[in-house]
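Here is the structure we will look at.
Numbering (our numbering), first residue to last: 116 to 438.
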């Protein structure tokens, strides 16, 4: 079973990235052959500074490895180090219905948030489909909000298969999404989905002072200290449940309902759990920072493995379409 996922180098990784994608990706190393790419082609729709893009890509590789990615089990590589993906994107775009792309939720959402309506932004799902299909991926772990992209990927694979393959020949494999229901959406400090776009994130490897400041700025209501509070809708409780044991979470819920404890105390409790949770990963990260060529070596090895598979798939596609 081949498992594929990607993450954009558009900024510093936050706990929404970790629980929404990274932790699941790391655990999936035990289940099959894993390919994880840093989506620098995708990032070009929003990152315009080349130095920033390169630095972000390297930082994501470092953070992913610090969080437990094993380069001997998983191929970690930059998307742009497999240029065949751009060729497959064009081939897929020749069969992609305009209506299919016009219905993409992410495009509408990004326009609503003020991004320019570029061709790249519009055809983003086609590039994402190529990312998945070029490695004959079986499983793609995604958040609930990305499920539509997998559906589009499957639609485009079917289009290629029907147009060029005939009834008894499958050119492109149809992937399946895997959605981690328990952490589909990680809330940000304002209660919305945690996202760099909303500026509501808590960084995984932020310094202690900044991380504490972000946690203490979580938006709450005006319920007095002595009054009972509702844990069901609390961002504090939702985030705490990601790091704490069931017993600790139940204890916090009970204290919410009892009253007598202010939101500030609950936030301090959340910070302590969060800081403790990432402590071993911070230690690994510091160690890797001192190994100058380590990250680049990992990315080169990952790209070699990815290119070997992509070459096979593209040979099959080129023959099928007549190139």
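From the three backbone atoms N, C-alpha and C, an ideal C-beta is built for every residue, glycine too.
Small disclaimer: the values here were computed from a predicted structure and weren't measured.
Where residue 121 is concerned, there is no enclosing alpha helix (DSSP H), although the beta strand (DSSP E) around it starts and stops at 117-122.
Cβ-Cβ separation between residue 137 and residue 192: approximately 16 Å, too far for a contact (criterion under 8 Å). Between residue 255 and residue 208 a beta carbon distance of about 20 Å is seen, past the 8 Å cut, so the two are scored as non-contacting. Within the region 238-323, the runs of alpha helix (DSSP H) that reach at least 4 residues and sit entirely inside it are, in chain order, 239-248, 262-275. Three or more Cβ pairs closer than 8 Å define a contact, and the region 346-361 falls short of that threshold against the region 169-176. DSSP, read as helix, strand or coil, puts residue 189 in strand. Bridge partners of residue 129 according to DSSP: 318. Residue 131 sits away from residue 364, with the two beta carbons spaced by 7 Å or more. Residues of the same chain with a CB within less than 6 Å of the CB of residue 289, apart from the 5 flanking positions on each side, are 269, 272 in chain order. Going by beta carbons, residue 418 and residue 196 fall inside the 7 Å limit. Membership of residue 148 in the beta strand (DSSP E) is indicated by the continuous run 148-153. With fewer than 16 neighbouring CB atoms inside 10 Å of its own CB, residue 278 falls in the exposed class.
The beta strand (DSSP E) runs lying completely inside the region 178-234 and spanning 3 residues or more are 189-193, given in chain order. Runs of the beta strand (DSSP E) lying entirely within the region 318-379, each at least 3 residues long, are absent. Burial state of residue 186 is buried, judged by a 10 Å Cβ sphere holding 16 or more other Cβ atoms. Of all C-beta pairs linking the region 330-337 to the region 374-387, three or more are shorter than 8 Å, placing the two stretches in contact. Leaving aside the five residues that flank residue 203 on each side, the residues in its chain whose CB is nearer than 6 Å to its CB run, in chain order, 245, 249. A Cβ-Cβ distance of about 7 Å is found for the pair residue 318 and residue 326, placing them in contact under the 8 Å criterion. Judged by beta-carbon spacing, residue 158 lies within the 7 Å limit of residue 123, meaning their Cβ atoms are closer than that value. Straight across, the Cα-Cα distance linking residue 160 with residue 154 is about 11 Å.
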